[in-house]
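**Q** Protein chains in written order, with my numbering: chain F, 294 to 497; chain H, 294 to 497. We put the beta carbon where it would ideally sit given N, CA and C, even for glycine. Every value quoted in this text rests on a predicted model; they were computed, and no experiment measured them. This is the structure, below, for whatever I ask next.
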DNA sequence: CCGATTTTGTTCTCGCGTTCACAAACTCCT
DNA sequence: AGGAGTTTGTGAACGCGAGAACAAAATCGG
């Protein structure tokens, strides 16, 4: 489920606040969802709660982390070291959640050798070797839209099976490859749309 | 609809490729959605297609842009000029889609005066004046999670009615404020979850 | 001018996810 | 020990969005 990371974060916050036990109601409020939905989601993982009491925060946290694969370390490759690639390489939220950036790749030869976030930028052609060496399963695309499809193809070819795409393009890949897309400007456009609707409704 | 930006992007691509007319089938393929869904979405805006022919690319593009408010200029404020804030301020996709970064704000006094993407970083306390001066309706939060709620409160107080939140926190705001959330590591975690499931299923 | 063909706009059905509501289970107090 | 009060886990109903299917409208060829 796509909500597990949210629950995990909420549990971490609660744990840091010193809470040892919480009800589905509390956790749901912290995660911003309905309590029934939360309970149903958790029941898919197993019965980790106690009726009349609630959930043990740390225990549940560990169970969710285990289910999500957050207990192990995921090597990640980032392709495209522009502004966004820089920010992603430096983003502390990756490391703290079990993701380790093992390589930064860029097609631009001028960037090669540059050190970003303690990792040296290497040629894109090194992809295959790096994937094999570190057993990389997850790739991040932070290139311009024009290059994204080619990068994706080569990632798949090199053995990567999950891609996080920041380029504003629809990627065509095989069914066995999972693609997740984040479009920074799309979100802003949706907000602008709502503002626009608000404005036109007021004048009507 | 949240898919309008995708359609708009696909139409722009088609237009740049010299296409003047396209069928719902083609456009749906370019946008990565079902053609029936596309037609239904477009019919909400009005009847801009011609049966037996298709859609006029530029005409439809203009209509969608107008509906979305992309024909006008949206002033935007970014709060939190860390790695992510830097990248967002420099992100060309904002400017090209009608968003203009009118101010960069940060609570850290050491950053004040620094120029990022041609805009000077100012104290967070300038928020209200800037919002009033430029008529800002949209704010972007790129601060650490701990500061996000406070920033959001002050944004709402200053008159901002749409917030794009990059901090990994659930924001509590009034109903009249639209909040959109982008969680960079959440997407990676979902991918890792799928990888994890794949791995555990293979061993079973 | 009329039928064949193409493609939109729309209706209908289906399936999934969300929410409600309640029984089972556990704790606490007397 | 037993009842009152909580809280989980889950069965059932509801609602919404997605996709299939079809009717309406426009073009094209004879």
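For residue 330(F), is the classification buried or exposed, using 16 other Cβ atoms within 10 angstroms of its Cβ as the cut-off for buried?
**A** Under this definition residue 330(F) is an exposed residue.
**Q** Which residues of the stretch 405-437 of chain H have a Cβ closer than 7 Å to any Cβ of chain F? Give them in chain order.
**A** From the stretch 405-437 of chain H, only 430 and 431 have a Cβ closer than 7 Å to chain F.
**Q** Leaving out the 5 sequence neighbours to the left and right, which residues in its chain are closer than 7 Å to residue 381(H) when beta-carbon positions are compared?
**A** 371, 433 and 435.
**Q** In three-state terms, what does DSSP make of residue 416(F)?
**A** Here residue 416(F) sits in strand by DSSP.
**Q** For a test of the three-state rule: what should DSSP assign to residue 388(H), helix, strand or coil?
**A** In the structure shown, residue 388(H) sits in a helix (DSSP, three-state: H, G or I).
**Q** Examine the Cβ distances between the stretch 413-420 of chain H and the stretch 388-401 of chain H and report whether three or more of them are shorter than 8 Å.
**A** The stretch 413-420 of chain H is in contact with the stretch 388-401 of chain H.
**Q** Give me the chain F residues within the contact set of residue 534(H), using Cβ-Cβ distance strictly less than 9 Å, ordered along the chain.
**A** Residue 534(H) lies beyond the stretch modelled for chain H, which goes from 294 to 497, so this question has no answer here.
**Q** Can you say whether residue 408(F) is buried or exposed, counting buried as having 16 or more other CB atoms within 10 angstroms of its CB?
**A** Residue 408(F) should be labelled exposed.
**Q** Starting from residue 382(F), trace the alpha helix (DSSP H) both ways and give me its first and last residue.
**A** Unbroken alpha helix (DSSP H) run through residue 382(F): 376-383.
**Q** Buried or exposed for residue 439(F), going by 16 or more other Cβ atoms inside 10 Å?
**A** Counting Cβ neighbours within 10 Å, residue 439(F) comes out exposed, since fewer than 16 surround it.
**Q** How far does the alpha helix (DSSP H) with residue 298(F) in it extend, from its first residue to its last?
**A** Taken as a continuous stretch (DSSP letters only), the alpha helix (DSSP H) holding residue 298(F) covers 297-309.
**Q** Could you name each continuous beta strand (DSSP E) segment of 3 residues or more that falls completely within the stretch 313-367 of chain F, going from the start of the chain to the end?
**A** Counting only runs of 3 or more, we get 347-349.
**Q** Under DSSP, the alpha helix (DSSP H) around residue 471(F) begins and ends at which residues?
**A** It is not in any alpha helix (DSSP H) - residue 471(F) instead sits in the beta strand (DSSP E) that spans 471-474.
**Q** For the stretch 298-309 of chain F against the stretch 345-362 of chain F, do three or more pairs of beta-carbon atoms, one drawn from each stretch, fall closer than 8 Å, so that the two count as touching?
**A** Taking 8 Å as the limit for Cβ pairs, the verdict is that the stretch 345-362 of chain F does touch the stretch 298-309 of chain F.
**Q** Determine whether the Cβ of residue 392(H) lies closer than 7 Å to any Cβ atom of chain F.
**A** Chain F contact via Cβ: present.
**Q** At 7 Å on the CB atoms, spell out the chain H contacts of residue 295(F), in chain order.
**A** Neighbours of residue 295(F) on chain H, chain order: 483.
**Q** Look up residue 371(H) in the DSSP assignment and give the residues it is bridged to.
**A** Looking at the DSSP assignment, residue 371(H) forms a beta bridge with 397(H) and 433(H).
**Q** For residue 325(F), return the contacting residues in chain H, with the cut-off set at a CB-CB distance below 7 Å.
**A** Chain H residues near residue 325(F): 463.
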